[in-house]
Amino acid sequence: MTATIRRRTTTLLTTAVVLGATAVASPHTAVAATVDTSASYVLVNRNSGKALDVYNLATNDGAPIVQWSRNDGAWQQWQFVDSGGGYYRLKSRHSGKVLDFPSTADRTGLVQTTDAGRTGQQFRLADSDGGHVRLINRASAKAVDVLDFSTADGAQVIQWPDTEGRNQQWQLVRVGSGTFTNPIKRNGPDPWLQFYNGYYYLATTTWNSTITMRRSRTLAGLSTAADQVVFTLAGRPNGCCNMWAPEFHLLGGRWYLYYVAGQNVPDYNPTQRLHVLESAGTDPMGPYTFKADLGTTWELDPSILQHNGKLYLMGSAIDGTQSLTITPLSNPYTISGARRTISQPTLAWERQTAPVNEGAEPLYRNGRTMIVYSASACWGPDYKLGLLTLTGSDPLNRSHWTKSPNPVFQRNDGNGVFAPGHNGFFKSPDGTEDWIVYHANDSASGGCDMNRSTRAQKFSWNADGTPNFGTPVRLGTQLTAPSGEPTG
Numbered sequence: 132m133t134a135t136i137r138r139r140t141t142t143l144l145t146t147a148v149v150l151g152a153t154a155v156a157s158p159h160t161a162v163a164a165t166v167d168t169s170a171s172y173v174l175v176n177r178n179s180g181k182a183l184d185v186y187n188l189a190t191n192d193g194a195p196i197v198q199w200s201r202n203d204g205a206w207q208q209w210q211f212v213d214s215g216g217g218y219y220r221l222k223s224r225h226s227g228k229v230l231d232f233p234s235t236a237d238r239t240g241l242v243q244t245t246d247a248g249r250t251g252q253q254f255r256l257a258d259s260d261g262g263h264v265r266l267i268n269r270a271s272a273k274a275v276d277v278l279d280f281s282t283a284d285g286a287q288v289i290q291w292p293d294t295e296g297r298n299q300q301w302q303l304v305r306v307g308s309g310t311f312t313n314p315i316k317r318n319g320p321d322p323w324l325q326f327y328n329g330y331y332y333l334a335t336t337t338w339n340s341t342i343t344m345r346r347s348r349t350l351a352g353l354s355t356a357a358d359q360v361v362f363t364l365a366g367r368p369n370g371c372c373n374m375w376a377p378e379f380h381l382l383g384g385r386w387y388l389y390y391v392a393g394q395n396v397p398d399y400n401p402t403q404r405l406h407v408l409e410s411a412g413t414d415p416m417g418p419y420t421f422k423a424d425l426g427t428t429w430e431l432d433p434s435i436l437q438h439n440g441k442l443y444l445m446g447s448a449i450d451g452t453q454s455l456t457i458t459p460l461s462n463p464y465t466i467s468g469a470r471r472t473i474s475q476p477t478l479a480w481e482r483q484t485a486p487v488n489e490g491a492e493p494l495y496r497n498g499r500t501m502i503v504y505s506a507s508a509c510w511g512p513d514y515k516l517g518l519l520t521l522t523g524s525d526p527l528n529r530s531h532w533t534k535s536p537n538p539v540f541q542r543n544d545g546n547g548v549f550a551p552g553h554n555g556f557f558k559s560p561d562g563t564e565d566w567i568v569y570h571a572n573d574s575a576s577g578g579c580d581m582n583r584s585t586r587a588q589k590f591s592w593n594a595d596g597t598p599n600f601g602t603p604v605r606l607g608t609q610l611t612a613p614s615g616e617p618t619g
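Given below as structure tokens:
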């Protein structure tokens, strides 16, 4: 899964009116507020609750700094670089540039520029109550201020004499030093996880007539977050029950939630079909409305492949054996061509317990399009992951996909991890790390049922551009949280 990057169309708010400040108070010298110069911080304004942010994810000199709803992206993370004498330069983790007031005049807008060590780029911390601080510029002796006490996204950040107003006070939230342990959800098969606007969202198979989702600011917090029902299938003629493998994708400004459901008969039944919901807005939790049935024959594990501006629905259907399928879409909910098979379980490691290819998930890097899929039977201990790489130009053409000869992620008896598979991908909150989410069993006798648990771990890349997922980690192992997670 690629990280969702917001692109703003909101106009930068530059209301040039009288500041809503009250009488000016005499600024006082900072008590020694301390920061860790090796850490990154999100700066949250006391008045608005919004974060100091590089507008429109810019990387150029002179780009304006605004406030924006907190999402803990790299464009909202700042490192304090020691300038001596109690002053710091605040360096953007996104652009590598530093905060700067290019003038000492009132209402000068805060921008980012290349670090030159100038006094206009240096700030000291002045303490306010409740653990908040004010940022006082060395050149002007004025405070970093949200113009006119605005609470709007995109509101301009300026300098103004230090009044100790709430719009001049900032909470420093350290990010990126937490830990977590697997599982992040017990009884969580077929997981799909995405980080969006400051939260992780997780959906898994329920095996009933509801689609549920949980959210948390931290990966560790998912383990205790409540499942919330985002849609009820009861009464649907083509899929009332047995909800499996939900995935939600942000496409064209709305979330589309794909899932498998059929009639109220047990287990692998002939009525399971693919379906899709559409959100009313940009909240991954909806509300959702039913949008379309996607096909009239047995098919499992929907996902979306994007290639050269086109959408494709991936799934798993019977073509002699259970195989990977791909179908062109004209939009997120309309099939526009015939379903094709792109992979069958032909290798020995894809046929353990039973021959299966399913759970196709796209993975993109450096212009390369790949599919990571699940192979062998989910009801056996040797369920595992394989890799396809698009080596031609047409995703619908089976000969344009190349299958890696060996699995890329599989059981580890020494760590007590069996049948790891049905994965997804997500980026760390700051966008710098790649992570895999998957389910697995705790013993070789585990089945293809609700006892499978959701797990996550960071992965790296091989020199040939393929993913290196490493070894599935033992439950309870303390792992470093994804980079950019808040810790306060």
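In the working numbering, the protein residues as written are 132 to 619. The C-beta atom is built at its ideal place from N, Cα and C for all residues, glycine as well. If you're wondering where the values come from, they're calculated on a predicted model, not measured in any experiment.
{"Asked": "Specify the secondary structure class of R177 as computed by DSSP and reduced to three states.", "Found": "coil"}
{"Asked": "What do you get for D276, buried or exposed, if any count of 16 or more other CB atoms within 10 angstroms of its CB means buried?", "Found": "buried"}
{"Asked": "Taking only the alpha-carbon atoms, compute the straight-line gap between M445 and P368 and give it to the nearest angstrom.", "Found": "23 Å"}
{"Asked": "Hey, would you say R317 sits closer than 9 Å to L333, going by beta carbons?", "Found": "no"}
{"Asked": "Check whether the segment 581-590 touches the segment 557-568, counting contact only when three or more Cβ pairs, one atom from each stretch, lie closer than 8 Å.", "Found": "yes"}
{"Asked": "Give the DSSP-derived three-state secondary structure of G262 in the structure shown.", "Found": "helix"}
{"Asked": "Please classify S400 as buried or exposed, where buried requires at least 16 neighbouring CB atoms within 10 angstroms.", "Found": "The sequence given here has Asn at residue 400, not Ser. It is exposed - the Cβ of N400 has fewer than 16 other Cβ atoms within 10 Å."}
{"Asked": "Would you mind reading off the limits of the beta strand (DSSP E) that contains G552?", "Found": "549-558"}
{"Asked": "Quick test of your reading: T456 and I466, contact by CB under 8 Å. State the CB separation rounded to the nearest angstrom.", "Found": "No, T456 and I466 are not in contact; Cβ-Cβ is about 12 Å, not under 8 Å."}
{"Asked": "Any contact between the segment 548-555 and the segment 495-515? By contact I mean 3 or more CB pairs, one from each, below 8 Å.", "Found": "yes"}
{"Asked": "Report all residues from its chain with a CB closer than 8 Å to the CB of F254; omit the five preceding and five following residues, and keep chain order.", "Found": "Y218, Y219, R220, L221, L230, L266, I267, N268, R269, V275"}
{"Asked": "Let me know the secondary structure DSSP gives H438 once reduced to three states.", "Found": "strand"}
{"Asked": "Given that a residue counts as buried once 16 or more other Cβ atoms are within 10 Å of its Cβ, and exposed if not, what is S614?", "Found": "buried"}
{"Asked": "Measuring CB to CB, does Q453 end up less than 9 Å from P433?", "Found": "no"}
{"Asked": "Determine the direct distance from the alpha carbon of P598 to that of E351, and round the result to whole angstroms.", "Found": "The residue you asked about is not Glu; residue 351 is Ala in the sequence shown. C-alpha separation (whole angstroms): 24 Å."}
{"Asked": "Quick check: the segment 477-495 against the segment 504-513, are at least 3 beta-carbon pairs closer than 8 Å?", "Found": "yes"}
{"Asked": "Does the beta-carbon of G370 have 16 or more other beta-carbons within 10 angstroms, so that it is buried, or is it exposed?", "Found": "buried"}
{"Asked": "Which residues in the same chain as P314 place their Cβ atom closer than 8 Å to its Cβ, once the five residues preceding and following it in sequence are excluded?", "Found": "S354, S584, T585, R586, L606"}
{"Asked": "Buried or exposed for D237, going by 16 or more other Cβ atoms inside 10 Å?", "Found": "exposed"}
{"Asked": "Between the alpha carbons of R499 and T520, how many angstroms are there, rounded?", "Found": "8 Å"}
{"Asked": "Checking the sheet assignment: what are the DSSP bridge partners for N268?", "Found": "F254"}
{"Asked": "If you draw a straight line from the alpha carbon of T335 to that of F311, how long is it in whole angstroms?", "Found": "19 Å"}
{"Asked": "Apart from the five residues just before and just after Q394, which ones in its own chain have a Cβ nearer than 6 Å to its Cβ?", "Found": "T402"}
{"Asked": "N599 by DSSP, collapsed to three states: which one?", "Found": "strand"}
{"Asked": "Given this structure, state the Cα-to-Cα distance separating L150 from L278, to the nearest angstrom.", "Found": "The predicted model places L150 with a pLDDT of 32, which falls under 50 and marks its position as unreliable, so this point remains unresolved."}
{"Asked": "Is the separation between the beta-carbon of L245 and that of F211 shorter than 9 Å?", "Found": "Going by the sequence as given, residue 245 is Thr instead of Leu. Not closer than 9 Å, so no."}
{"Asked": "Of all the beta strand (DSSP E) runs that stay within the bounds of the segment 375-430, which reach a length of 3 or more residues?", "Found": "385-393, 404-410, 419-425"}
{"Asked": "Which partner residues of E489 appear in the DSSP bridge assignment?", "Found": "S505"}
{"Asked": "Cβ of E378 within 9 Å of Cβ of L431?", "Found": "no"}
{"Asked": "Have a look at Q299 and Y327 and give me their C-alpha separation to the nearest angstrom.", "Found": "28 Å"}
{"Asked": "Please classify H159 as buried or exposed, where buried requires at least 16 other C-beta atoms within 10 Å of its C-beta.", "Found": "Residue confidence is low: H159 scores 35 on pLDDT, short of 50, so the model does not pin down where it sits. No coordinate-derived value is stated."}
{"Asked": "Quick one: Cα of E492 to Cα of I502, how far?", "Found": "5 Å"}
{"Asked": "I need the boundaries of the beta strand (DSSP E) containing F211, first residue and last residue.", "Found": "209-215"}
{"Asked": "Can you give, in chain order, each stretch of the beta strand (DSSP E) that sits fully within the segment 301-332 and has at least 3 residues?", "Found": "301-306, 310-312, 323-327"}
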